[in-house]
Every structure is written in C-alpha cells, then in structure tokens.
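S.K.:
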Amino acid sequence: MNLNQITISSLDTRKSVRFYKKLGLKLIVDALPRYARFECPDGDTTFSIHQTEDLIINKGVTLYFEVKNLSKTVSDLQQKGIIFNSEILEQSWLWQEVHLKDPDGNPIIIYHAGKNRKSPPWRIN
Numbered sequence: 005m006n007l008n009q010i011t012i013s014s015l016d017t018r019k020s021v022r023f024y025k026k027l028g029l030k031l032i033v034d035a036l037p038r039y040a041r042f043e044c045p046d047g048d049t050t051f052s053i054h055q056t057e058d059l060i061i062n063k064g065v066t067l068y069f070e071v072k073n074l075s076k077t078v079s080d081l082q083q084k085g086i087i088f089n090s091e092i093l094e095q096s097w098l099w100q101e102v103h104l105k106d107p108d109g110n111p112i113i114i115y116h117a118g119k120n121r122k123s124p125p126w127r128i129n
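Each residue of the sequence shown is one higher than the one before, counting from 5 in the working numbering.
1) What first and last residue would you give for the beta strand (DSSP E) that runs through Arg-41?
2) For Asp-16, which option in Leu-59, Thr-50, Phe-42 has the closest C-alpha, if you only look at C-alpha atoms?
3) When you compare only the Cα positions, how much space is there between His-54 and Asp-106?
4) By the 10 Å Cβ neighbour count, where 16 or more other Cβ atoms means buried, how is Asn-110 classified, buried or exposed?
5) Would you check if the region 44 to 54 and the region 8 to 24 touch, i.e. whether three or more CB-CB distances between them fall below 8 Å?
6) Need the endpoints of the alpha helix (DSSP H) that Ser-52 sits in, please.
7) Three-state secondary structure (DSSP) at Lys-119?
8) Can you give me the Cβ contacts of Ala-40 inside the same chain, cut-off strictly under 7 Å, excluding the 5 residues immediately before and after it?
9) Let's test the definition: count the other Cβ atoms within 10 Å of the Cβ of Thr-66 and tell me whether it reaches 16, buried, or not, exposed.
10) Count the other CB atoms, across all protein chains shown, that sit within 10 Å of the CB of Ser-96; report buried if there are 16 or more and exposed otherwise.
11) Please state whether DSSP places Leu-7 in a helix, a strand or coil.
12) Quick one, which of Lys-122, Ala-117, Pro-37 has its alpha-carbon nearest Lys-72's?
13) Judging by CA-CA distance, which residue of Ile-87, Pro-124, Ser-13, Glu-101 is the nearest neighbour of Ile-113?
What follows is the structure in structure tokens.
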C-alpha cells in the first residue's frame, strides 16, 4: 500500500488554501469553497481540504511535512507571515522540528529527519 492523500476539514477553505499555498503546496484541484486538493512539492502524496460547518479538531492527529533544510524553510515561511508555535526543536528521536497550526487549529509539524525518519538506530527489522 501507498498513502495517497490526507483530507482535513475547514470552516474557511479559501483561507486554508492561502495558508497551505504559503507552505509551498501546489493547488491542483480548485472546487472552492467546497473542496481543494494539493500536491506536495516532493513525493506523490496529495493533501486536500473539505469544507465543513462543524469543525472537530482531533487532537490525536498531526500533519507532518518533511523538508531538507528546516532552518531555511522556517526563515522563508516567517518572511511570508507564517507564525510558529515553537522554535526549532532537537528531538530525542533524532528529528529537528518546528510546530504551528493552520487557520482551523490543525496541528502541523515541519521537520527534518533524514535517514532517521525510516531508519533510526532503534529500528526493528
């Protein structure tokens, strides 16, 4: 199996589309205000936003976007007006990450893990 896409709900899809375009996702389906779909800049996964009137934020779900150079990405996004909830954190699981939320409050982590994403020293075979 291959993860194809993640879909989140939004009260204001137009606002969310502007936000995710700032993050660097490429809009490939524009059926606003009902639906929008993006391609991630790397890989084959897509990401979509579906309009809802009753937003429920699942605190157990976090969106993770991996980048090659976290410091540069954070700097570039700050220049575009993106506000982060943390500084860059060095995690014990050998990732660097920074936290933020989208306009609907969905938690996002932008991170760099390199080889440790799929092959940390404690990986079981």
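From the three backbone atoms N, C-alpha and C, an ideal C-beta is built for every residue, glycine too.
All values reported here derive from a predicted model rather than from experimental measurement.
M.R.: So, from the listed chains and residues:
1) Numbered from its first residue, the sequence shown carries residue 41 at position 37. Where Arg-41 is concerned, the enclosing beta strand (DSSP E) stretches over 39 to 43.
2) Indexing the sequence shown from 1 puts residue 16 at position 12. Of Leu-59, Thr-50, Phe-42, the residue nearest in Cα terms is Leu-59.
3) The residue you call residue 54 lines up with position 50 of the sequence shown. The residue you call residue 106 lines up with position 102 of the sequence shown. Roughly 14 Å separates the two Cα atoms.
4) For this step, residue 110 is matched to residue 106 along the sequence shown. The residue in question, Asn-110, is buried, as its Cβ has 16 or more Cβ neighbours within 10 Å.
5) Yes, the region 8 to 24 touches the region 44 to 54.
6) Taking the sequence shown and counting its residues from 1, the one referred to as residue 52 is at position 48. Careful: Ser-52 lies outside any alpha helix (DSSP H), inside the beta strand (DSSP E) at 50 to 55.
7) Counted from its first residue, the sequence shown places residue 119 at position 115. Correct three-state label for Lys-119: helix.
8) On the sequence shown, residue 40 is found 36 positions in, with the first residue counted as 1. Excluding positions up to five away in sequence, the list reads Thr-17, Val-21, Leu-31, Val-33, Asp-34, Ser-52, Ile-53.
9) Taking the sequence shown and counting its residues from 1, the one referred to as residue 66 is at position 62. By the 10 Å Cβ count, Thr-66 comes out exposed.
10) Taking the first residue of the sequence shown as 1, we reach residue 96 at position 92. Result: exposed.
11) Position 3 of the sequence shown, counted from the start, is the residue given in the question as residue 7. Here Leu-7 sits in coil by DSSP.
12) Looking up residue 72 in the sequence shown gives position 68. For the residues Lys-122, Ala-117, Pro-37, the minimum Cα distance to Lys-72 belongs to Ala-117.
13) By one-based count along the sequence shown, residue 113 stands at place 109. That would be Glu-101, whose Cα lies nearest to the Cα of Ile-113.
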